[in-house]
Amino acid sequence: MKVKNTSLVKLKYFDDYPDGNLVIAEEGKNIPFKIKRIYYITDLGNAKAIRGKHAHRKLEQVIFCVKGSFSLTLDDGKNKSLVKMNKPHVGVRIGKLVWLTMTDFSSDCAILVLAADFYDEADYIRNYQEFLNLVKKKKK
Ligand code: TYD
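No gaps in the numbering here: position 101 of the sequence shown is 114 in the working numbering, and each next residue is one more.
And the structure:
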């Protein structure tokens, strides 16, 4: 992917349609870090919701859309890319200093995130200008 510190993560799956779809994520195999935290987002009743709008100083995560769909915009301060998240077995690894925005949620959308560390508000960058300044500083 053209955005720095991001990549696609393709999981193994068994599509037994109409008897279900089984998807498997394994630490150290297709998830490139030790999973310390799992969180999920459901009940996206507001199609106009905008989530994310932040970057992380250090945190590594892999995000999946296990049901429905949404749009994920990735931005490393230089390049942007929009990923349509609609396949339960295809996730996106998001490393440090990637500004992410989530929009266009289907009402049945369910988002699963695997994270390499515990929640730490101090790791968040929630101001876009501060994010750009940090990216510039890291380049020097
Ligand atoms: P945030 O990460 O900003 O959500 P999103 O990027 O999906 O819009 O988190 C929303 C709120 O939830 C924020 O107040 C912090 C809190 N939160 C936790 O307490 N623990 C967690 O593991 C996460 C992900 C969020």
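Glycine included, each C-beta is placed from N, C-alpha and C at the ideal position. Just so you know, these numbers come straight off a predicted model, no measurement behind them.
Residue i, buried or exposed, once every other Cβ within 10 Å from all chains shown has been counted against 16
i            : result
proline 31   : exposed
threonine 55 : exposed
glycine 33   : exposed
arginine 106 : buried
lysine 135   : With the sequence shown as reference, residue 135 is identified as alanine, and lysine is not the correct amino acid for it. So alanine 135 ends up on the exposed side.
Near the ligand TYD: residue i beta-carbon under 7 Å from a heavy atom
i            : result
tyrosine 53  : no
histidine 69 : no
Residues bridged to residue i [DSSP beta-bridge criterion]
i         : result
serine 53 : The question names serine, but residue 53 is tyrosine in the sequence shown. According to DSSP, tyrosine 53 bridges with Leu125.
lysine 23 : Val103
Element boundaries [beta strand (DSSP E), containing residue i]
i            : result
valine 16    : Note, valine 16: premise wrong, no beta strand (DSSP E); not H, not E.
valine 111   : No beta strand (DSSP E) holds valine 111; DSSP gives it neither H nor E.
aspartate 88 : 83-88
Backbone CA spacing between residue i and residue j [nearest angstrom]
i             : j             : result
histidine 102 : valine 75     : 12 Å
aspartate 88  : serine 20     : 13 Å
lysine 91     : threonine 116 : 20 Å
serine 119    : glycine 104   : 17 Å
methionine 14 : alanine 68    : 17 Å
Span of the alpha helix (DSSP H) around residue i
i              : result
asparagine 146 : 141-152
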